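Comments concern the structure below.
Below, the structure is given as structure tokens:
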């Protein structure tokens, strides 16, 4: 029982870290949106505006994915609270946790790719 609680505690720690990661990335997206707005008010030409609109669409999509991941994290935390006292619950929960871990890993990778593209765009246009 004690080892089960330790494993579940580790899983809870991962969920908290991922939740903080999403919060940080969302604040970055807020900042990048502000920069895009500064560029949009300038007369920068249609090519730049097309790129800018593409970034805005990607930010919208990224926020949707963040919302989905936050929801999954909340559901896992709720499930974790219920499984604390069930026998062998950590095995099933751990398998589900791996799927969320893979989703988070993919999201973080894609977020930093978008961030790099946006930073390059800002260097050219600001």
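Numbering (this note's numbering), first residue to last: 342 to 467.
Note that the Cβ used here is the ideal one computed from N, Cα and C, for glycine as well.
Bear in mind the structure is a predicted one, so any value in this text is a computation, not a measurement.
For residue 447, there are no CB contacts under 6 angstroms within the same chain when 5 residues up- and downstream are skipped. When the alpha-carbon of residue 460 is set against those of 373, 361, 362, the nearest one is in 373. One Cα belongs to residue 465, the other to residue 412, and the distance between them is close to 36 angstroms. For the options 408, 387, 384, the alpha carbon positioned closest to that of residue 367 is the one of 408.
Listed in chain order, the non-local C-beta contacts of residue 458 below 8 angstroms within the same chain comprise 396, local neighbours out to five positions each way being set aside.
Residue 419 and residue 380 have their C-alpha atoms roughly 42 angstroms apart. DSSP places residue 382 outside both helix and strand once states are collapsed to three, so it counts as coil. Here residue 467 carries a coil assignment [DSSP, helix/strand/coil].
The beta carbons of residue 364 and residue 455 sit no closer together than 7 angstroms.
Our two residues, residue 439 and residue 402, have alpha carbons roughly 23 angstroms apart in a direct line. Residues 413, 417 of the same chain have their beta carbon placed closer than 7 angstroms to that of residue 441, with the five preceding and five following residues left out of the count.
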